[in-house]
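These notes concern the structure reproduced below.
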Amino acid sequence: MKNQSPEALKACLFDLDGVLVDTAIYHFKAWRKLANNLGFDFTEAQNEQLKGISRVESLNKILEWGKVEKTQEEKQLLADQKNEWYVAMISKMTPEEVLPGTVAFLTAVKAAGYKIALGSASKNSALILERTLLSHFFDEVVDGNLVSKSKPDPEVFLKGASLLGVQASECIVFEDAVAGIEAAKRAGMKTIGIGKPEILTQADIVVRDLSEITVVSLKQLSDL
Ligand code: BG6
Ligand code: MG
5 MKNQSPEALK ACLFDLDGVL VDTAIYHFKA WRKLANNLGF DFTEAQNEQL
55 KGISRVESLN KILEWGKVEK TQEEKQLLAD QKNEWYVAMI SKMTPEEVLP
105 GTVAFLTAVK AAGYKIALGS ASKNSALILE RTLLSHFFDE VVDGNLVSKS
155 KPDPEVFLKG ASLLGVQASE CIVFEDAVAG IEAAKRAGMK TIGIGKPEIL
205 TQADIVVRDL SEITVVSLKQ LSDL
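For the sequence shown, the working numbering begins at 5 and goes up steadily by one.
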């Protein structure tokens, strides 16, 4: 975004799982129960690979790990079963499960006049936002129900920018997944990685969580 003014930043697009809330543990528990029922197990390290990708893609990976073959119909039933267990868990989420710094940062971003959208692969985002009392921060919610191509395809973020009425170059994306950072880069957006720098190597900057970033630093980043 060289040669543009720092004022060019107009919107912040947030991934949900792993950025605003820590739902990875619930995905892991539900997928693991499914794998165990099929007679195999997988590790927390393998679970890392499921971050940011869709439910169906996650299932395909897990079945590959267990060397289990299933028909399309059987896969649908398995994905539905996992989702049932997952929804039972997230239905009990509370606002305490929002990650550190999230509410203060979203409040500051809104107060500074930037638009806010969600850009998530999840089809359960409405329930999670409602349970954690975060819904009111979002001008637009783009999730797995609205997109046809998963991250690292840029569709989810381009749709967010378009619904907000801003250009891709006017957006900053907050992401915890490698696939999500790639999606944002392909959309032509600046990226802030949430997590570990050694994993999110393609992000413009990486922070541990949203408590480590301020609206002032966003302006500096948008001027890079
Ligand atoms: C992403 C998660 O946000 O949503 C993935 O990082 C998950 O792990 C994907 O598979 C889809 O979620 P859901 O809730 O629609 O099954
Ligand atoms: Mg995520």
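Beta carbons are placed, not taken as given, at the ideal position from N, Cα and C, and that holds for glycine.
From a predicted model like this one, the values you see are computed outputs, not experimental measurements.
Spatial distance of residue i from residue j (CA atoms)
{"i": "F18", "j": "V177", "result": "6 Å"}
{"i": "I209", "j": "M193", "result": "13 Å"}
{"i": "V182", "j": "L63", "result": "18 Å"}
{"i": "N149", "j": "G43", "result": "31 Å"}
{"i": "L1", "j": "S95", "result": "Outside the modelled stretch of the chain, which goes from 5 to 228, sits residue 1, for which no answer is possible."}
{"i": "L131", "j": "F161", "result": "20 Å"}
{"i": "A12", "j": "A165", "result": "14 Å"}
Span of the alpha helix (DSSP H) around residue i
{"i": "F161", "result": "159-168"}
{"i": "G123", "result": "Looking at the DSSP string, G123 is not in any alpha helix (DSSP H); the run it does join, the beta strand (DSSP E), is 119-123."}
{"i": "V113", "result": "106-115"}
{"i": "V145", "result": "Premise fails: V145 lies in the beta strand (DSSP E), 144-146, not in any alpha helix (DSSP H)."}
Exposure of residue i, with buried meaning 16 or more beta-carbon neighbours within 10 Å
{"i": "I29", "result": "exposed"}
{"i": "E186", "result": "buried"}
{"i": "K71", "result": "exposed"}
{"i": "N128", "result": "buried"}
{"i": "S126", "result": "buried"}
{"i": "K200", "result": "exposed"}
{"i": "L81", "result": "exposed"}
{"i": "D21", "result": "buried"}
Test: residue i CB closer than 8 Å to a CB of chain B
{"i": "K155", "result": "In the structure shown, chain B does not exist; there is a single protein chain."}
Start-to-end residues for the beta strand (DSSP E) that takes in residue i
{"i": "F18", "result": "15-18"}
For the stretch 121-137 against the stretch 98-112, do three or more pairs of beta-carbon atoms, one drawn from each stretch, fall closer than 8 Å, so that the two count as touching? A contact between stretches requires three or more CB pairs, one per stretch, nearer than 8 Å, and the stretch 121-137 meets this requirement with the stretch 98-112.
Please output, in chain order, the residues near the ligand ADP using a CB cut-off of less than 7 Å to any non-hydrogen atom of the ligand. Among the ligands modelled here, namely the ligand BG6 and the ligand MG, the ligand ADP does not occur.
Taking the runs of the alpha helix (DSSP H) that are 4 residues or longer, which of them lie wholly in the stretch 171-220? Secondary structure in the stretch 171-220: the alpha helix (DSSP H) runs of 4 residues or longer, each lying completely within the stretch, are 182-191 in chain order.
Counting Cβ pairs closer than 8 Å, one from the stretch 111-118 and one from the stretch 216-223, do we hit at least three? With the cut-off at 8 Å, the stretch 111-118 and the stretch 216-223 touch.
I'd like the ranges of any alpha helix (DSSP H) spanning at least 4 consecutive residues and lying wholly in the stretch 73-101. At a cut-off of 4 residues, the continuous stretches assigned as alpha helix (DSSP H) that sit fully inside the stretch 73-101 are 76-94.
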